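To keep things clear, I will list the structure first and then write my remarks on it.
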Amino acid sequence: MKKILAVALTLALTLTAFAACAESKETLTMATNASFPPYEYVEGDQVVGIDPEIAAAVCEKMGYDLEIVDTEFDSLISGVASGKYDFVMAGMTVTEERKQMVSFSNTYATGVQVIIVNDDSPITSVDDLLADGANYTVGTQNATTGYIYAMSDIEDAGKGTVAAFPNGNEAVMARVNGKIDGVIIDNEPAKAYVAANEGLKILDSTYVVEDYAACFAKDNTELVEKFNAALEELTADGTIPAIIEKYIPAE
Ligand code: GLN
């Protein structure tokens, strides 16, 4: 009797160990800058938005758990390149310069660089901002494409000044407080910031059109391929279009 019990107990323990093993998936760490609604923003103590939801769906499809780290935008590329994070999703624009440091997935969304100004601003178009002798101060998020374009088109061209902020929210607050003349930022966060603050508008003219993708350490081709395969399946079955539609309803 004792022996049967002992065998049963051993079996039970072994089964429990197996179950625990089957449940513990490897975790992938995604880094982002959660100041970029509706792609990523903080709600309560959670990072939510299009990128976290796509990341969760893709990780589930690939068989990984997902952990999200919220950090400064200008540390994302170097962090993922050095292996600190497995991937980055941050409304990150695919550029040739970034491709020297990281590998990008296929793109899953389009972004447009636009300009936020005060309702009564003398700036009425991108051309006004880039005109000779314009001399405006524009805010951007540090290390973003908006910052890079503005530096070359405005500051280095001697047409005005570029102020860099750690994130979109601080750039917009500087406009609200009258410290700068306008903010260059991606169109969807621009809409969210204009909706959340009085007296702001988005100029009709677009500055630059771009593609967003996830990025990985340059040599991590295996994960990029898995990610792309999952992305493709989840696009075909309507999961990703539904996530985007939930945050950016078609007009
Ligand atoms: N799309 C811009 C870039 O990649 C801004 C992204 C962001 O601020 N999260 O530089």
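So the sequence shown is numbered by the working numbering: it starts at 803 and just counts up by one. Note that CB positions come from ideal geometry on N, CA and C, so glycine has one too. Note that the coordinates shown come from a computational prediction; the quantities given were computed from them, not determined experimentally.
Give the DSSP-derived three-state secondary structure of residue i in the structure shown.
i       : result
Gly980  : coil
Gly881  : helix
Asn1030 : helix
Asp955  : helix
Lys886  : coil
Asn1022 : coil
Leu1002 : strand
Gly948  : helix
Thr1037 : helix
By DSSP's criteria, residue i is part of a beta bridge. Which residues make up the other side?
i       : result
Phe906  : Cys1017
Phe967  : Gln943
Leu830  : Leu868
Asp988  : Gln915
Val1010 : Gln915
Glu962  : The residue asked about is misnamed: residue 962 is Gly in this sequence, not Glu. Answer is Tyr938.
Thr895  : Tyr1014
Are the beta-carbon atoms of residue i and residue j separated by less than 7 Å?
i       : j       : result
Gln943  : Asn971  : no
Ala973  : Val985  : yes
Asp853  : Glu869  : no
Gly913  : Tyr1014 : yes
Ala766  : Ala1052 : Because the chain is modelled from 803 through 1053, residue 766 falls outside the range shown and cannot be assessed.
Met864  : Lys1003 : no
Ser907  : Ala1032 : no
Thr829  : Asp867  : yes
Tyr995  : Pro840  : no
Ile917  : Leu1005 : yes
Ala859  : Thr1041 : yes
Thr831  : Asp888  : yes
Gly948  : Gln915  : yes
Ala976  : Gly1001 : no
Glu1012 : Thr895  : yes
Ser927  : Ser1007 : yes
Val1010 : Tyr938  : no
Leu931  : Ile925  : yes
Please decide whether residue i counts as near chain D, where near means a Cβ-Cβ distance under 7 Å.
i      : result
Tyr866 : Here there is only one protein chain, and chain D is not present.
> At which residue ranges does the region 833-875 contain complete beta strand (DSSP E) runs of 3 or more residues, listed in the order of the chain?
Replying inline: You should have 842-845, 848-850, 867-872.
> Are three or more beta carbon pairs between the region 953-961 and the region 976-984 nearer than 8 Å?
Replying inline: Using a Cβ-Cβ distance cut-off of 8 Å, the region 953-961 and the region 976-984 are not in contact, since fewer than three pairs of beta carbons, one from each stretch, lie closer than that value.
> Can you find at least 3 beta carbon pairs, one from the region 870-879 and one from the region 986-998, that sit closer than 8 Å?
Replying inline: Contact between the region 870-879 and the region 986-998 is absent, with fewer than three C-beta pairs closer than 8 Å.
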